[in-house]
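These notes concern the structure reproduced below.
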Amino acid sequence: MKRQIILAVLASLCFAVKAAERKPNVIVLYTDDQKMDSFGFIRGKAHTPNIDRLAKTGAYFSNAYASSSVCSPSRYSCLTGQYASRCNTENFHESTSAEGMTKVLWNMGIGDDEWTFAKVMQQNGYKTGMVGKWHVGHGSKYGHRKQVPNSDPSDPATKAVLRYNQEIVCKGIADKGFDFVGGVYAGNPNDDKQLIKTGCNTHAVEWQTKHALDFIEQNKNEPFVLYYASTLLHVPFPHESLKGDPRLSPLGLLDEPITGILPSREDVIRRAKEAGVTNEKLWGATWLDDVVGALQQKLADLGLEDDTLILYFNDNGTDDSGKGSCYQGGAHVPMLAYLPGVVQPGERTELVSNIDIAPTIFEMCGIAPPATMHLDGKSIMPLARNEKTEWRDSLYLEIGLTRAVVSGDFKYLAFRVPESYTNRPLEERMEEHRINMEKIYKQHPWTKEKWTLDPEAKYLQMGMSPGGDAMERFQIMTWPPAPFVKNYFDPDQLYDLKRDPRETTNLASNPEYAAKLEKMQGKLKKLLADVPGTFADLKPE
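Numbers -19 to -1, 1 to 522, taken from mature numbering (1 follows the signal peptide of the UniProt record, and there is no 0), label the letters of the sequence shown in order.
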């Protein structure tokens, strides 16, 4: 009997030591184009009980920003902990102006020799997984994606090509530091010609989530980091996918729908309606919320909930047509952190960003990043633990031909068009503008009645083309117009975000704010000095 007691005690001690030595896991949930209306706890318009619970029982960072407010650079900053202007790929540098002004757009890629948080964690004994939307380029050394032979998603020949394409993308992503890659989209479902041709340009949420749950199950006994970049709530409209065939996926038409891991699509719609959500465009928020619930339930079933930090971030906002700008509607997003017993519940108002995600993972897991890895961000864990700590007083934003700084209640936005752009002959600019507009008219026929040629072919803030490309024109030509439109072309813009959160009144020319303007310009100059590229008078060399 004594021997059995001794063995039981020893076994208990061994278990306790093993539990104490267990390294924490991390799940990064990176969503897509999620409006503020789609967070139930913020606006009360969507049915999102699981996300609301994360916010209530974890830390809600209400002053979070995407450093660059479109998909690719936002993801680059998340994965690398750097501002997107540090991208060093050939494709990115091709868009730099003759003066040396970098132009952050969808031209992002991660070089083979570049650090990501996944690669660092992988080299420190962690299992790393990636599921969902990539959109940061992928290696071509494994070959190029093939063209599907026909539009039938159930045809074996078409499915074979789609599977081959999926494998090519997965191999390229794996090189960036991921042991497990599955359920991925190279970019947006609605931009992939192969998926459009076969009708597979849809949100295959069950298919994505199954890969995420499989990764967790496979690595339940080892420390892991999962990067789940959902395609929700980007177009194609999620409510249309909810009504579609659940067997459709980037692999073609699955033999059977994936069931048992998420509530049915019909049930998503039912629960949203019962919760009073009459706007069907917000049904996708409930679908996304079910993904959060499934991941948390999996962690609970495996006894990993208290060992797993969840970081939730939206790649960019779309409110007020602000996506692709430094305006609040595109750059200001919520951030959540959740880990029972470690993250203290409550709202945090400090300035945080997606550049902070990688450093947060490293600190949480007790890992020192390589000396050759430049990090612009800081770990938010001291804030999440509600500790007193020194924190930044300003935050830098960049996209296209604009740069901005947020500090306290104010934002200063600078819009500078390089002379090498404006010095082009008007005839040359107009011809490029005309060609671009014909493309827009073909893709969006309704715009022909609403959008005319710009006789001056001015460059817009993203600097994509004279007169504005489709994305740029959607920013300023929406109906009703976005509140910032009347200030859009002002080179210097100053906003009091507390009094004017929708940025309707530019204070830059108001003499009463001259000192504030000078101070904010000084902050931006200091931030610009630390990133690559010139920026007109604010960083001439």
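For glycine and all other residues, C-beta sits at the position ideal for the given N, C-alpha and C.
Rounding to the nearest angstrom, what Cα-Cα distance links residue i and residue j in this structure?
i        : j      : result
Cys(-6)  : Glu2   : Any reading at Cys(-6) must be qualified, since the residue scores a pLDDT of 39, below 50, and its modelled position is unreliable; no value is offered.
Phe396   : Glu409 : 23 Å
Pro137   : Asn487 : 58 Å
Gly39    : Asn69  : 36 Å
Leu382   : Ile32  : 35 Å
Lys504   : Arg373 : 12 Å
Asn202   : His125 : 36 Å
Val(-11) : Gly298 : Any answer about Val(-11) is weak, because its pLDDT of 40 lies below 50 and its placement is not dependable; what the coordinates show is given next. Spanning the two alpha carbons is a distance of roughly 54 Å.
Lys423   : Met452 : 15 Å
Asp450   : Ser49  : 18 Å
Glu255   : His28  : 9 Å
Trp188   : Pro244 : 13 Å
Gln199   : Phe161 : 10 Å
Ala59    : Val129 : Here residue 59 is Cys; the residue named in the question, Ala, does not match the sequence. Computed Cα separation, rounded: 33 Å.
Arg56    : Lys369 : 29 Å
Val150   : Lys114 : 11 Å
Arg366   : His313 : 23 Å
Ser211   : Lys420 : 29 Å
Lys140   : Ala438 : 45 Å
Asp471   : Ser302 : 18 Å
Glu522   : Gln147 : 43 Å
Asp337   : Asn131 : 44 Å
Asn468   : Ala193 : 44 Å
Thr77    : Lys84  : 6 Å
Ser446   : Arg67  : 23 Å
Asp300   : Leu283 : 38 Å
Please name the residue in the options whose C-alpha comes closest to that of residue i.
i      : options                           : result
Glu75  : Thr183, Lys16, Asn88 and Tyr476   : Asn88
Asn182 : Arg251, His192, His215 and Tyr208 : His215
Gly25  : Leu285, Leu263 and Glu522         : Leu263
Val112 : Lys127, Ile242, Lys191 and Asp374 : Lys191
Gln309 : Asp337, Glu286, Glu379 and Leu280 : Glu379
Ala275 : Asp195, Met354 and Asp300         : Asp195
Asp93  : Lys467, Leu394, Val9 and Phe159   : Phe159
Asp18  : Glu261, Leu60 and Tyr123          : Glu261
Ser490 : Gly503, Val398, Tyr476 and Asp481 : Tyr476
Leu364 : Val258, Gly327 and Pro227         : Gly327
Ala185 : Val324, Asn200 and Gly163         : Gly163
Lys100 : Gly21, Gly180, Phe205 and Gly225  : Phe205
Ile197 : Val9, Glu148, Pro521 and Phe391   : Val9
Ala167 : Ile239, Gly303, Ala463 and Gly118 : Gly118
Pro436 : Ile457, Lys420 and Glu412         : Glu412
Thr353 : Glu95, Gln277 and Lys359          : Glu95
Glu71  : Gly90, Arg56 and Thr61            : Gly90
Val7   : Leu498, Thr109 and Thr139         : Thr109
Tyr41  : Asp288, Leu292, Asn131 and Glu499 : Leu292
Gly180 : Ser135, Tyr209 and Ser211         : Ser135
Glu484 : Arg251, Gln474 and Lys507         : Gln474
Lys178 : Ser211, Val142, Ala193 and Ala210 : Val142
Gly241 : Arg252, Ala253 and Pro227         : Pro227
Tyr64  : Pro521, Lys520, Leu508 and Leu519 : Leu508
Ala36  : Val324, Pro399 and Ser53          : Val324
Leu213 : Glu237, Thr12, Pro5 and Tyr494    : Thr12
Pro482 : Glu499, Tyr494 and Pro464         : Pro464
Tell me, to the nearest whole angstrom, how far the beta carbon of residue i is from that of residue j; I am working on the premise that it is less than 8 Å.
i      : j      : result
Met362 : Thr341 : 6 Å
Asn171 : Pro217 : 5 Å
Gly448 : Asn417 : 7 Å
Gln15  : Asn295 : 4 Å
His414 : Leu441 : Going by Cβ atoms, the distance from His414 to Leu441 rounds to 11 Å, so no, they are not a contact pair.
Tyr123 : Lys157 : No, Tyr123 and Lys157 are not in contact; Cβ-Cβ is about 13 Å, not under 8 Å.
Leu223 : Val249 : 6 Å
Leu332 : Leu376 : 4 Å
Tyr145 : Lys174 : Not confirmed; about 15 Å, so no contact.
Val386 : Met458 : Contact flag wrong, Cβ pair sits at about 27 Å.
Pro5   : Thr289 : 7 Å
Quick one: does residue i have its CB under 8 Å from some CB of chain B?
i      : result
Leu285 : In the structure shown, chain B does not exist; there is a single protein chain.
With three or more beta-carbon pairs closer than 8 Å as the criterion, would you say the stretch 420 to 436 touches the stretch 509 to 519?
Judged by Cβ distances under 8 Å, the stretch 420 to 436 makes no contact with the stretch 509 to 519, as fewer than three pairs qualify.
Count Cβ pairs between the stretch 308 to 318 and the stretch 228 to 238 that sit closer than 8 Å; are there 3 or more?
Taking 8 Å as the limit for Cβ pairs, the verdict is that the stretch 228 to 238 does not touch the stretch 308 to 318.
*What residue ranges within the stretch 413 to 499 form continuous beta strand (DSSP E) runs of no fewer than 3 residues, ordered along the chain?*
473 to 477
- Query: What are the start and end residues of each continuous beta strand (DSSP E) run of 3 or more residues lying completely inside the stretch 10 to 53, in chain order?
  - Reply: Runs of beta strand (DSSP E) with 3 or more residues, each lying fully within the stretch 10 to 53, are found at 40 to 46, listed in chain order.
Exercise. Could you tell me whether the stretch 264 to 276 touches the stretch 43 to 51, using the rule of 3 or more Cβ pairs below 8 Å?
Key: Under the 8 Å Cβ criterion, the stretch 264 to 276 does not count as touching the stretch 43 to 51, having fewer than three qualifying pairs.
**Request:** Inspect the CB distances between the stretch 101 to 121 and the stretch 344 to 355 and report whether three or more fall short of 8 Å.
**Result:** yes
Runs of 3 residues minimum, wholly inside the stretch 225 to 250: which ones carry the beta strand (DSSP E) assignment? none
Practice prompt. Enumerate, from N- to C-terminal direction, the unbroken alpha helix (DSSP H) stretches of 4 or more residues contained entirely within the stretch 134 to 170.
Written response: 137 to 155
My parser needs the alpha helix (DSSP H) runs of 4 or more residues fully inside the stretch 55 to 123; what are they?
71 to 74 and 98 to 103
Do the stretch 462 to 480 and the stretch 384 to 391 touch if we need at least three Cβ pairs shorter than 8 Å?
Touching, per the Cβ criterion.
Residue ranges of each beta strand (DSSP E) run of no fewer than 3 residues wholly in the stretch 186 to 223, ordered along the chain? 205 to 210
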